[in-house]
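**Q** Input: one structure, supplied below.
There are 2 protein chains.
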Amino acid sequence: MPPFPWPSSVTLREVGLRDGLQSIARVLPTAQKLAWIRGAWEAGLREMEVGSFVPARLLPQLADTAELVDAAVRLPGLTVSVLVPNLKGAERAMDSGAHWMLLPLSISHAHSLANLRKTPDAVVEEIAAIVARRRERNAAIRLEVGLSTAFGCTLQGRVEPEEVLRLARAVLDLGVDRIGLADTVGYADPRQTAELFGAVRAIAGDRLACGHFHDTRGLGMANVMAALQAGETRFDACLAGIGGCPHAPGASGNVATEDLAYLFRSMGIATGIDFERLQALRTQVAGWLQGETLHGAIHRAGLPKSMQVAEAA
Amino acid sequence: MPPFPWPSSVTLREVGLRDGLQSIARVLPTAQKLAWIRGAWEAGLREMEVGSFVPARLLPQLADTAELVDAAVRLPGLTVSVLVPNLKGAERAMDSGAHWMLLPLSISHAHSLANLRKTPDAVVEEIAAIVARRRERNAAIRLEVGLSTAFGCTLQGRVEPEEVLRLARAVLDLGVDRIGLADTVGYADPRQTAELFGAVRAIAGDRLACGHFHDTRGLGMANVMAALQAGETRFDACLAGIGGCPHAPGASGNVATEDLAYLFRSMGIATGIDFERLQALRTQVAGWLQGETLHGAIHRAGLPKSMQVAEAA
């Protein structure tokens, strides 16, 4: 095998404040969320999804999203994202000052109905309305569509790659700024990941700009590697591997931010992250989330001695 | 990226009875070990390392190795391996009827002294003596050398690839049947794995025939994938991810056999393993090992619905 042309850097987006906290019943106080955002920024993370503009009665955990955006956009160099489920949420995102709004488009018909009470094609129409409204308002905010359940679904089982491609084309044609592929429920394998990222990149080019993986079945890191080899250089992750999906039973555990930071550091691929600061933040957040199931491997084992020596040298 | 030429099949070797049990203080009764061997064979595993010919006072957990070999070699189609630390152990292996003896050669000077009380070069001399003795006895048993701590060492830190290549050449020149690369302490990363497997394969060809990974820092599956892409098709694994190394603090957790079986099944790469039987065996063995720290992801989450549907169709 010839030497693989690894990228020199990748981008990690911390999504624990949204994907992580929405799957946990407890409501983290706003002050702790602000400390999390600031701590992640101080550790070198430059992209964060800080919340979601959904009705507070549905997700009281994320009711303070506007306040978080307001603080987060003041941190120099930080790109702030929020999830929006529909046009109404998008209006709030446009009001908020966030840089990006993320709209999940479930490829699985069953998951789409459970999550947004709309078919995938109805969600595409909603995205069209959001794009039109953004133009009307002349808003600077950018729009990313996350193609979720792209690798399979706990409700309907198999998801056809052709359907991923059809819906990817539909939203690309609408002019969304970028799309991502999400293994919402931890069904992906490395071969499937490499093939689907390759196929979608063939139609999306650089507008395919996010890999979102869950470690539910132990393949999270292997899937990240497969996507990386298929040209992906931006990845979502949650500190301490929290997260899941309320409409996808068993979907526990995003890939842990600190594990991804370790993976890339070990390979000599820059992330801009200060690993020790990130570990300290993980310890702090774990303290706030006592009693919740946390994940991640590097936190338990610590850095290899080989890496410590290399750093000290 | 062009479609990757994945192999159509791979071989998993169950090493839980040796690498797993030697790291656990309790002594599993011989009857349970025999049930484990039989259960793994019934689940389709065709290679097993069943024990170690070390003095019983050092590893009382493995004192019944000769009896296990005697039973295991009667299972049709099963290739039976035993670990040997030196010429004395090799004599016992030659007496035992085992098909393969595995000798660990630590690339790390510090680990070699801790593990075998010999420098790596003294171990090479011991291997020369074993090869000579095998010829003298005209024994059919084959010899595999596991190049351990090949990716780093908890005692000395960094391990130089040049040293791996030097010692690989030395034992290949002695005429050992095959060699493997072992990440004894869970320090490897996918890039390093791809590069080292590539470099060693360049001098060893098909005699490089084993990847042995620990999941200590969460990269076990990603490293297996990297080795696979670098041409490796045989992997060691331990049921329930038990294992480690008594002389490598923190080296907990071989990659779990059931997780590897799931990885390859999800990618459509044959292992010959009946996944449901393997999961049932895992449950049985976990019952015998109650109180011990077990690992593995697929056991918790279960097969994806997409895979169940594909199977039923």
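Protein chains in written order, with the numbering used here: chain C, 1114 to 1426; chain S, 1114 to 1426. Here a beta-carbon is modelled for each residue, glycine too, at the ideal position from N, C-alpha and C.
#1: Which same chain residues, not among the five before or five after Leu-1218/S, have their C-beta less than 8 Å away from its C-beta?
#2: I'd like to confirm the pairing. Which residues does DSSP put opposite Thr-1124/C in its beta bridges?
#3: Out of Arg-1413/C, Val-1298/C and Ser-1122/C, which has the shortest C-alpha to C-alpha gap to Leu-1332/C?
#4: Can you look up Arg-1159/C in the DSSP assignment and give me helix, strand or coil?
#5: Spatial neighbours of Ala-1206/S within its chain, please: C-beta separation below 7 Å, excluding the five flanking residues on both sides.
#6: Under the rule that 16 or more other beta-carbon atoms within 10 Å means buried, what is Glu-1127/S, buried or exposed?
#7: Among Asp-1208/S, Gly-1157/S and Ala-1383/S, which residue has its Cα nearest to the Cα of Val-1182/S?
#8: Pick from Phe-1326/S, Ala-1203/S and Asp-1286/S: whose alpha carbon is nearest that of Tyr-1300/S?
#9: If you drop the 5 nearest sequence neighbours on each side, which residues of the same chain put their C-beta closer than 8 Å to that of Glu-1371/S?
#10: Going by Cα to Cα distance, which pick from Gly-1288/C, Ser-1136/C and Ala-1263/C is closest to Glu-1276/C?
#11: Start and end of the beta strand (DSSP E) containing Trp-1213/S?
#12: If the criterion is Cβ atoms closer than 8 Å, does the pair Ile-1386/C and Gly-1129/C meet it?
#13: What does the Cβ neighbour count give for Asp-1302/S, buried or exposed, with the cut at 16 atoms within 10 Å?
#14: Within a Cβ cutoff of 8 Å, which residues of the same chain sit near Arg-1250/S, ignoring the five residues on either side of it in sequence?
#15: Mind checking if Phe-1348/S is an interface residue toward chain C, Cβ cutoff 8 Å exclusive?
#16: I need the boundaries of the alpha helix (DSSP H) containing Val-1182/S, first residue and last residue.
#17: Indicate the three-state DSSP secondary structure (helix, strand or coil) for His-1327/C in the structure shown.
#18: Does any CB atom of chain S fall closer than 8 Å to the CB of Thr-1384/C?
#19: Taking the alpha helix (DSSP H) that Ile-1077/C falls in, what are its first and last residues?
#20: Going by DSSP, name the residue or residues bridged to Asp-1296/C.
#21: Taking only beta-carbon positions, decide if Ala-1322/S is within less than 8 Å of chain C.
#22: Secondary structure at Leu-1172/C, three-state DSSP: helix, strand or coil?
#23: In three-state DSSP terms, what is Ala-1364/S?
#24: Below 7 Å on C-beta distance, what does Phe-1388/C contact in chain S?
#25: For Asp-1302/S, decide whether its Cβ has a neighbour in chain C, counting only Cβ atoms nearer than 8 Å.
#26: Which residues in chain C have a C-beta closer than 9 Å to the C-beta of Asp-1429/S? List them in chain order.
#27: Using the C-alpha atoms, what's the distance from Ser-1136/S back to Arg-1170/S?
#28: Go ahead and pull the three-state DSSP assignment for Arg-1230/S.
#29: Distance, Cα to Cα, Asp-1078/S vs Ala-1252/C?
#30: List, in order along the chain, the chain C residues whose C-beta lies closer than 9 Å to that of Gly-1265/S?
#31: When burial is assigned at 16 or more other CB atoms within 10 Å of the CB, is Ser-1122/S buried or exposed?
#32: Near Thr-1306/S, which residues of its chain fall below 6 Å by C-beta distance, leaving aside the five closest residues on each side in sequence?
#33: So, for Ser-1186/C: in the same chain, excluding its five sequence neighbours on each side, which residues have a beta-carbon less than 8 Å away from its beta-carbon?
#34: Using the three-state DSSP reduction, which class does Leu-1407/S fall into: helix, strand or coil?
#35: Under three-state DSSP, which class holds Thr-1267/C?
#36: I'd like the span of the beta strand (DSSP E) that includes Thr-1192/C, first residue to last.
**A** So, from the listed chains and residues:
#1: Ser-1225, Pro-1233, Val-1236, Val-1237, Ile-1240, Val-1258, Gly-1259, Leu-1260, Ser-1261, Leu-1280 and Val-1284
#2: For Thr-1124/C, which the question treats as bridged, DSSP gives the partners Arg-1347/C.
#3: Checking every option, the nearest Cα to that of Leu-1332/C belongs to Val-1298/C.
#4: DSSP places Arg-1159/C in coil when its eight states are reduced to three.
#5: Phe-1166, Val-1195, Val-1197, Met-1214 and Ile-1254
#6: With 16 or more other Cβ atoms within 10 Å, it is buried.
#7: Here the closest residue by C-alpha is Asp-1208/S.
#8: The option with the nearest alpha carbon to Tyr-1300/S is Phe-1326/S.
#9: Leu-1352, Ala-1353, Phe-1388, Leu-1391, Gln-1392, Arg-1395, Gly-1409, Ile-1411 and His-1412
#10: Ala-1263/C
#11: 1213-1219
#12: No.
#13: buried
#14: Met-1207
#15: No, because no Cβ of chain C sits closer than 8 Å to the Cβ of Phe-1348/S.
#16: Per DSSP, Val-1182/S belongs to the alpha helix (DSSP H) from 1178-1185.
#17: strand
#18: no
#19: What the structure shows of chain C is the stretch from 1114 to 1426, and residue 1077/C is not part of that stretch, so it cannot be assessed.
#20: DSSP lists Phe-1326/C as partners of Asp-1296/C.
#21: Taking 8 Å as the CB threshold, Ala-1322/S stays off the interface with chain C.
#22: coil
#23: With a pLDDT of only 48 at Ala-1364/S, under the threshold of 50, the placement of this residue in the model should not be trusted, and no figure is reported.
#24: Neighbours of Phe-1388/C on chain S: none; closest Cβ ~12 Å, over 7 Å.
#25: yes
#26: Residue 1429/S is absent from the structure shown; chain S starts at 1114 and stops at 1426.
#27: 15 Å
#28: coil
#29: In the structure as shown, chain S begins at 1114 and stops at 1426. Residue 1078/S is therefore absent and cannot be evaluated.
#30: Pro-1417, Lys-1418, Ser-1419 and Met-1420
#31: exposed
#32: Excluding sequence neighbours, Thr-1306/S sits near Asn-1336, Ala-1339 and Ala-1340.
#33: Ser is not the amino acid found at residue 1186/C; the sequence shown has Val there. Once the five neighbours on either side are set aside, the close Cβ partners of Val-1186/C are Val-1193, Gly-1210, Ala-1211 and His-1212.
#34: Three-state result, Leu-1407/S: coil.
#35: coil
#36: 1192-1196
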